[in-house]
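Written out below as structure tokens is the structure these notes cover.
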Amino acid sequence: MDKLTSWGQYPYVHADVKTPSKEELPVLEFKSYIPRGLGRSYGDSALASAVVTSKKLKHFIAFDKDKGLLTCDAGVSLDEILRIFVPQGWFLQVTPGTKFVSVGGAIASDVHGKNHHIDGCFSEFVQSITLVINNQEVQCSREVNSELFYATCGGMGLTGMIVNATIQLRKVKSAYIKQKTIKTNNLKDTLAVFEEHQSSTYSVAWIDCLSDGAEFGRSLVMLGEHAEQGSLEVHQSGKLTIPCNLPSQLLNKYSIQSFNFLYYHRIRNRETNDFLHYDPFFYPLDGINNWNRMYGKNGFTQYQFVIPKEAGYEGLSEILKAIVSSKQGSFLAVLKIFGKENNSPLSFPMEGFTLALDFKISDSLFPFLNKLDDIVKKYKGRLYLAKDARMSESTFKTGYPRWEQFQKVRDNYGTLESYNSLQSKRIGL
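Take the position in the sequence shown, starting the count at 1, then add 12; the result is the number in my numbering.
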């Protein structure tokens, strides 16, 4: 048995872990397990008493250099795709905030990026998926076994083991991004900037979640476009490493307030234009290896929610005010705008605003997050399964009204008993 956890280092479990080759997958003796990629989900969605990893599923199978269609194994990481294909002028259509995610994990979480309002989720650029379900290989796409395809995208590994997939890459002329940073005065100003620049391909805001009064919700909004000029150089490995878990006392309201003050005021003008490599634009935290250790040995959880666009200012205000009052601030407070939801019943995004916050685990945290859950439910929002470590069954089923549709697909393909995680059992799947 192996001691296993997630990127949030909470919770830990003892698990029987197997890492089969593609040939070994159909003859696994596990009656029930959860697939696992690189372990970068934050909670317990890839934790169970039996776990099967995709670490040996690492082959590039085919690439159409004219169309940008890549077929690869599920264990191939976004990092590896970038290293090989950026020099050839191809980039990911949609990428999350870390490149250390497997293709299988990106599909299972239906990850989103800073361009969801324009391009949607990762699944929009997945053409086909091959799964192993109860020792049988099954193909699915929008045309073949379509209900399985949509359930697998965002299905958190509960529809079977993804073996390989074909995805569409984006043609680029440069590895660089033209970035504009807009310094906003408060939350209303921030949302107005998003509205004004809704045609920007990439947009994201860092929010000072402890600011109050006239500066409540002040932010740095970053907008980006792929540059036409610049080399096609690939990213470098991170040079900084946190070698061990830091004392959790280092993270407190005073250190967070100091960081927020300095980070916000590092930008002096209302607007600043930069020309930077894709790596710091899309993956700023990847430059620090094992950055999750800064939250201490008890770990942390990322609380990410989405609320509908019409509830934007009111809902975000209520949640940010609750955070200010609690003094449980977050270094990471990232706001993005989402476009319309897709056909996948468990895909997270809906048209509206999403805010992601990191909180270190403490005795007072979960009761506080339960209060935030109530606010999210009040505004008809939901939480992101790939980040969740503690949401209740009622919160999940209220936020994901298509969960019964998802369960019917699982029942039709015989996966209800075969693929389960700690999370799926906790939320009633």
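C-beta: ideal position from N, C-alpha, C; glycine also.
Buried or exposed for residue i, going by 16 or more other Cβ atoms inside 10 Å?
i: G55; result: buried
i: K399; result: buried
i: M234; result: buried
i: T110; result: buried
i: H129; result: buried
i: Q21; result: buried
i: P361; result: buried
i: K195; result: buried
i: G440; result: exposed
i: N382; result: exposed
i: V156; result: exposed
i: F273; result: exposed
i: C256; result: exposed
i: Y275; result: exposed
i: Q435; result: buried
Using alpha carbons as the reference points, say which of the options lies closest to residue i.
i: S33; options: H71, K390, I331 and H26; result: H71
i: N147; options: E136, D386 and F42; result: F42
i: L258; options: A62, E136, V115 and K372; result: K372
i: Y168; options: G440, R438 and S433; result: What sits at residue 168 in the sequence shown is Met, not Tyr. Closest by alpha carbon: S433.
i: S53; options: L347, F350 and N304; result: N304
i: K352; options: V115, N127 and G132; result: G132
i: S260; options: F271, K111 and F312; result: F312
i: S114; options: F206, P47 and D14; result: P47
i: G229; options: V150, E330, I279 and F294; result: E330
i: R414; options: E363, P357 and K15; result: P357
i: P379; options: Q340, L344 and A58; result: Q340
i: R154; options: L181, I349 and F137; result: F137
i: G80; options: A62, G101 and V63; result: G101
i: T253; options: M306, N272 and L441; result: M306
i: E227; options: L181, L332 and M173; result: L332
i: K437; options: M403, N281, D78 and V346; result: M403
i: M173; options: V150, V156, Y315 and N157; result: V150
i: I179; options: K77, N264, R278 and E208; result: K77
i: I387; options: E283, T284 and A334; result: A334
Tell me which same chain residues have a C-beta within less than 6 Å of the C-beta of residue i, skipping the five on either side of it?
i: K407; result: A small correction: the amino acid at residue 407 is Thr; Lys does not occupy that position in the sequence shown. Answer for T407: D385, listed in chain order.
i: Y391; result: I319, A323 and G327
i: K185; result: E240
i: F75; result: L82
i: S223; result: R230
i: F418; result: A163, P357 and L358
i: L377; result: F371
i: D291; result: H247
i: G49; result: S66, S114, G116 and G117
Mind checking whether residue i and residue j have CB atoms under 8 Å apart?
i: L160; j: A118; result: no
i: E237; j: S212; result: yes
i: V175; j: T142; result: yes
i: L44; j: Y396; result: Checking the sequence shown, residue 44 turns out to be Ser, not Leu. It is not a contact, given that the beta carbons lie outside the stated cut-off.
i: L369; j: C165; result: no
i: R394; j: F317; result: yes
i: T202; j: S231; result: yes
i: A177; j: T171; result: no
i: A60; j: A27; result: yes
i: K389; j: T366; result: no
i: R95; j: V246; result: yes
i: S140; j: D122; result: no
i: P38; j: A401; result: no
i: L181; j: F293; result: no
i: V427; j: I219; result: Position check: residue 427 holds Thr in this sequence, whereas Val was assumed. For T427 and I219, no; Cβs fall outside 8 Å.
i: F343; j: G364; result: no
i: K200; j: Y315; result: no
Go through its chain and collect everything with a Cβ distance to residue i's Cβ below 7 Å, but skip five positions before and after it.
i: T31; result: T65, K67 and K68
i: G250; result: D298, G299, I300 and N301
i: N127; result: V106, T213 and Y214
i: G242; result: S186, A187 and Y188
i: Y295; result: G109, T110 and K111
i: G125; result: V106, T107 and P108
i: V29; result: D14, L16, V63 and T65
i: S18; result: G51, S53, Y54, G55, D56, A58 and L59
i: V98; result: A187, L244 and V246
i: K183; result: G80, G101 and W102
From the DSSP output, read off the bridge partner residues of residue i.
i: R394; result: V318
i: S114; result: S89
i: M234; result: T193 and V216
i: D370; result: Q314
i: C84; result: F72 and A177
i: H289; result: Y188
The ligand NAP heavy atoms versus the CB of residue i: any closer than 7 Å?
i: K383; result: The model on display carries no ligand, and the ligand NAP is accordingly not part of it.
Under 8 Å Cβ to Cβ from residue i, same chain only, skipping five residues before and after it: list those, please.
i: I73; result: T83, C84, D85 and N176
i: L288; result: Y188, I189 and Q191
i: K409; result: W415, I439 and G440
i: I268; result: L222, G341, S342 and F343
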